[in-house]
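Residue numbers (this note's numbering), protein chains in the order written: chain A, -17 to 356; chain B, 12 to 425.
Backbone N, C-alpha and C define an ideal beta-carbon position, used for all residues, glycine too.
Every value quoted in this text rests on a predicted model; they were computed, and no experiment measured them.
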Amino acid sequence: MTVASLWLLSALALGLQSATLAAAPSLKASLKSLRSVGPEGLGNEPAKSAWRRVASIEASSLPLVLESMDGANDYALNWLRSAVDAVAQKATVSGRPLPVETLHRFLRDRTHHPRARRLAFELIRSVQPEMARSLLPEFLDDPAPELRRDAVQQRCDAAEAKVALDKAIAIVEYRKALAFAREADQLDSIAKKLKELGSPVNLSRTFGWVTAWKLIGPFDNTTGVGFSRPYPPETSLDLSSEFEGKTGRIKWAPYETTDDYGMVNFNAPLGTLKGVVGYAAAEFWSKSARPVQIRLGSQNGWKVWVNGKPTFGRDEYHRASEIDQYRMPVMLVPGRNFILVKCLQNEQTEDWAAEWQFQLRVTDEQGTPLLSSQ
Amino acid sequence: MITRFYSSNKALQIALFCLMLTRLATSLIAEDWLGFRGSRGDGVATDPAVPHRLDSQSILWSVDLPGRGLSSPVIVGDRLFVTASSGARLDRLHVICFNVSDGSLRWERQFWATGRTMTHEKISPAAPTPVSDGKTLFALFSSNDCLALDLEGNLLWFRGLGRDYVNASNSLGMSSSLVFAAGILVTQVENDSESFTLGLDAQTGLNRWKLDRPKRANWTSPTVYRERSGQVRVLLQSFQGVTAVDPFSGRILWNYSEGASTVPSATWSDGRLYLPSNGLTVLELSPDGSVPQQIWRSTQLRPGTPSPVVFGGRVYSLNDGGILTCGDGSDGKRLWQLRIKGPFSATPISAGGRLYCVNEAGLVQVVDPSQNEGTVTSELALGQTVIGTPSISTGSLFVRSDGRLWRIGTPSTR
């Protein structure tokens, strides 16, 4: 190699280095553009060119993109996530390595966005599956739902492997898995497994349903008028009051659900009615002011208020229901909180349209059930 | 040196010219399949090379998919696009691009659903079929996340319609496919609660117009047609009937108010609309583009979940149980019925005068309808549940299940 060619190589290397350094502010600006997108397509146009710039970075810079997901809104997360896909794919095709060590550091820092950390995990898993598997036990109490879910599943798999060998150990392992599980289907399947093994759990308490309610009804919902009509319980939550209902004078009555899945069934105390509205009220005591989620499942129309403030409502009837179907973030006050549910039944006459019920629990953001402190 | 460069450059030019000719020839032979029921939205391919006799050798390739789905594959040249959803809550939304020739992966992009992903267990968020204008792929999911990618997988825009309009969802899942007309992406988001149809600017994804729509769950897809004046129009079907819309402005042109199904979609063929309404109702557009005239109506030709197929002067309706009914397209007279192996969710598609019907068990049945009665001439069992409507291009049938994608054709076209 001649001196001239060495000089040329050095110059090229310097040029590349300075290009990388010069790219940093450009990447920062592009990430800012992607983070600026919002509802109704806001920011889509500048994001288009910014996306191309981010998608063209070297894989070594991927952690910067993941970091930019911290605090990003759901629209921005998708712009950022798909750019990560493009960068990672380019690296895979060209045989360039992913920055596994940096990704691992990023993954272990639980202050980062749960979805970004999950993505870091999947990038590691794509090149070092064994390493990814060995990391899973760390995530049993992780705030990232998918990481936690996989760790719980790993624990369940281990428990299942023990069933034939030592049932008592399997039960202990399943109970540990149950303690860390947060997603409804995992809670349910582990509880069923424990029941099979002769060690049943209190399913209602495991899910943390709100079970003690006071109910009142029926008010009128003929032709769906009840959804937007504010009946007296919406304006004054005096549980000793009597009102004129659809069929006469009505008053609040206590109701305790013993259903494993926390169903509050209006048909039980009020009869199988059509075109009606019922209300359910519960006290929920909290030791401190704190953010929580109200999680509701129902295939009836419904509205929910917490401490008199509306959270959400929906006028869909008899399509389907599941646990945690709707998740509403609310702030509890210290002491007594009032939860009010309006549950509406329409006038469909099919057998499958008889249900007039809902289930509700209070959880933290990860789905940890919270029980009333009194 | 200069001469040699010139020679090699000339050789390169000749090679490029030959390549161009080859590509041109390929593009003339291969028919793109740009959306639900193909580029014309009628489920009829002009490609005659799809084999009539199927056996295990007919599977040219098959690949695993990363998630569930029932959207149809969309094919542009040598690229096949398909959507899927994965994860415990099916909130991971995938858009995948494969090479048509060998099924190899070109690229994949993932998104996180911003809207609700709950669906009936039979379906999943990857239910609506994407659409393409040949340059861009537009994808929609049951979560009402809608996005545009160029053919290389570069993201052009993203809309979280389930987040923008928080009560726009269906707890059984949404399945209306996208249609592209006059530079507008017509996005039907019709359900029991916050029900509307949007005209999105295909370049930016921004709303061009928004129409309030009947508050009733609706799984049908819009139909695109061209008036005699050359104007492209879009038909929105609902339980109330059909509304014709100017896709550019969102202006309502006319309404047909005699009710229509909310599951099988209407089919536009040769100036007539075959509408699942009171059985099957055929409407002919008036020359001035105003309210169409009813030509005939038949309760005997009522379709099930699959949409009607029209070709060769005949209309074919398939019910969920597997009764295939053939009617005369001119007057709706029932010509014959054939029991094939059901149950069915997928709409049959047609090529070379045959009907390709894929049942929920993944059994592909080829029906020759040319005789006095239809005949099943061939079967191929794919062994997996198939809910989505197949696609046709490059002399092949493309079928997807929740976990796999197959190319079915003649081995010589591999």
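- A distance below 6 Å between beta-carbons, with the five flanking residues on each side excluded, links S272/B to the following residues of its chain, in chain order: P287.
- For the C-beta of G216/B, the chain A residues within less than 7 Å are, from N- to C-terminus, G23, N26.
- Chain order gives the chain B residues near R131/A as A99, where near means a beta carbon separation below 7 Å.
- S186/B is positioned such that its CB atom lies closer than 8 Å to that of W230/B.
- CA-CA distance, W265/B to T254/B, rounds to 6 Å.
- Under the 10 Å beta carbon count, S31/A is surrounded by fewer than 16 other beta carbons and is classified as exposed.
- One thing to note: C325/A has its Cβ no nearer than 8 Å to the Cβ of G244/A.
- Around the CB of P354/B, fewer than 16 other CB atoms lie within 10 Å, so the residue is classed as exposed.
- Within the segment 173 to 191 of chain B, R174, D175, N178, N181, S182, L183 place their CB atoms closer than 7 Å to a CB of chain A, listed in sequence order.
- Residue pairing by DSSP puts H105/B in a beta bridge opposite A95/B, Q121/B.
- Under the 8 Å Cβ criterion, the segment 263 to 276 of chain A counts as touching the segment 315 to 324 of chain A, having at least three qualifying pairs.
- Per DSSP, the beta bridge partners of D212/B are I195/B.
- Excluding sequence positions up to five before and after T350/A, its CB lies within less than 7 Å of the CB of R164, all in the same chain and listed in chain order.
- A residue is called buried when at least 16 other Cβ atoms come within 10 angstroms of its Cβ; A65/A meets this threshold and is buried.
- From the beta-carbon of R170/B, the residues of chain A found nearer than 7 Å are G23.
- In this structure, D56/A and R174/B form a Cβ contact; the two beta carbons are roughly 6 Å apart against a cut-off of 8 Å.
- When the beta-carbon positions are compared, T94/B and F152/B come within less than 8 Å of each other.
- At a cut-off of 8 Å between beta-carbon atoms, Q199/B makes no contact with chain A.
- Within 9 Å of the CB of Y299/A, the CB atoms of chain B belong to D203, in sequence order along the chain.
- Between the alpha carbons of E42/B and N155/B lies a gap of roughly 29 Å.
- Taking C-beta atoms as the reference points, T345/A and Q275/A count as a pair closer than 8 Å.
- Per the coordinates, the alpha-carbon of R120/B lies some 7 Å from the alpha-carbon of G164/B.
- From the beta-carbon of D56/A, the residues of chain B found nearer than 8 Å are W123, T125, G171, R174.
- Only residues of its own chain outside the window of five on either side were considered, and among them V19 have a CB closer than 8 Å to the CB of N26/A, listed in chain order.
- Any Cβ of chain A closer than 8 Å to the Cβ of L167/B would place that residue at the interface, and such an atom is present.
- Looking at the DSSP output, R365/B shares a beta bridge with A362/B.
- By the C-beta density criterion, R99/A is buried, having at least 16 other C-beta atoms within 10 angstroms.
- Linking Q339/A to N203/A through their CA atoms gives a straight-line distance of about 15 Å.
- DSSP, read as helix, strand or coil, puts P311/A in strand.
- Taking a contact to require three or more Cβ pairs closer than 8 Å, the segment 154 to 170 of chain A and the segment 292 to 302 of chain A do not qualify as touching.
- For H131/B, a Cβ of chain A is located within less than 8 Å of the residue's own Cβ.
- When Cβ pairs closer than 8 Å are counted between the two stretches, the segment 105 to 118 of chain B is seen to touch the segment 73 to 84 of chain B, the count reaching three or more.
- Under DSSP, the beta-bridge partners assigned to S73/B are W417/B.
- Excluding its 5 nearest sequence neighbours in each direction, F162/A has C-beta neighbours in its own chain below 8 Å: L122, D123, R130, A133, V134, R137, listed in chain order.
- The CB of A228/B comes closer than 9 Å to the CB of E298, R301 in chain A, given here in chain order.
- From the listed residues V315/A, T74/A, A263/A, E104/A, the smallest Cα separation to H86/A is found for E104/A.
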